[in-house]
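Report on the following structure.
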Amino acid sequence: MTRIAIFASGSGSNAENIIRYFSEKENVKVVLVLSNKASSGVLIRAQSHNVPTFIFTKNDLNECSKVHKVLKDYNANMIVLAGFLLKIPLCMIKAYPNSILNIHPALLPKFGGKGMYGMNVHKAVVENNEQKSGITIHYVNENYDEGDIIFQAKCDIDKHDLPEDVKRKVQALELCHFPNVIESIIP
Ligand code: GAR
0 MTRIAIFASG SGSNAENIIR YFSEKENVKV VLVLSNKASS GVLIRAQSHN
50 VPTFIFTKND LNECSKVHKV LKDYNANMIV LAGFLLKIPL CMIKAYPNSI
100 LNIHPALLPK FGGKGMYGMN VHKAVVENNE QKSGITIHYV NENYDEGDII
150 FQAKCDIDKH DLPEDVKRKV QALELCHFPN VIESIIP
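Each residue of the sequence shown is one higher than the one before, counting from 0 in numbering that gives the first Met the number 0.
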């Protein structure tokens, strides 16, 4: 049985999509949603699906033991970052080898790294006159956005597209692909 813990800091559209998708599967379950932001929409979305939630601070994450304990309490054996904005510390990476996935709203290795999240990414893509953007789903290592890539999908960017337009196109790709890609790496 794969027991997923989702880490998220934002509105939670990806987290909710993943929860919905796996609610119909027998061998995979989202057991916990964790956030570093008490005001994030993801917590309300998780609760509306009766998924337990846990809020922690940046220090808790970096120090590891508190977050690790709650993951163990729920027997989580896979971590999915769905719009999570803090760096995952080495202690967590060592505790979950090859079992932490992230989604990034651009085609890595471009537009990744510290500070590159959400609208910042889409603004940079438009400012750079890119003709394509997309999503990257990858394993997480100790550097931001540098783990091995599992999957990418692309969308076209028209020359009049605003960052909001790119966000909409990328979000459609995220909702379409993220749950299936998670499922595809489950043994
Ligand atoms: C998503 O677009 C995700 O790719 C991005 O944050 C958004 C969260 O949206 N992640 C990053 O930028 C990570 N660097 P959501 O809260 O509605 O799922």
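For glycine and all other residues, C-beta sits at the position ideal for the given N, C-alpha and C. Since we're looking at a predicted model, the values are computed, not measured.
What does the Cβ neighbour count give for L33, buried or exposed, with the cut at 16 atoms within 10 Å? buried
Indicate, with yes or no, if the ligand GAR has a heavy atom lying under 8 Å from the CB of H159. no
What residue does the alpha helix (DSSP H) around V120 start on, and which one ends it? 117-126
Three-state secondary structure (DSSP) at A4? strand
Enumerate in chain order the residues of its own chain whose CB-to-CB distance from L107 is below 7 Å, with the five nearest sequence positions on each side excluded. T135, H137, D144, I148
Cα-Cα, which of K93, L161, N179 is closest to F150? N179
Secondary structure of H137, DSSP reduced to three states: strand
Which of the three DSSP states, helix, strand or coil, is assigned to D155? strand
Use the C-beta contact count for G111: other C-beta atoms within 10 angstroms, 16 or more gives buried, fewer gives exposed. buried
I need the DSSP call for V41, collapsed to helix, strand or coil. helix
Let me check one thing: in DSSP terms, what residues is M91 bridge-paired to? In the DSSP output, where bridge partners are listed per residue, M91 has none listed.
Let's test the definition: count the other Cβ atoms within 10 Å of the Cβ of I56 and tell me whether it reaches 16, buried, or not, exposed. At residue 56 the sequence reads Thr, which differs from the Ile that was named. With fewer than 16 other Cβ atoms within 10 Å, it is exposed.
In angstroms, rounded to a whole number, what distance separates the CA positions of V124 and I78? 28 Å
Heavy atom of the ligand GAR less than 8 Å from the Cβ of L70, yes or no? no
If you measure between the beta carbons of Y73 and V30, is that distance less than 9 Å? yes
Local conformation of K131 per DSSP, three classes: strand
Give me, in chain order, the residues of the same chain whose beta-carbon lies closer than 7 Å to that of K113; leave out the 5 immediate sequence neighbours on both sides. Y143
What does the alpha-carbon distance come out to for the pair K71 and R167? 36 Å
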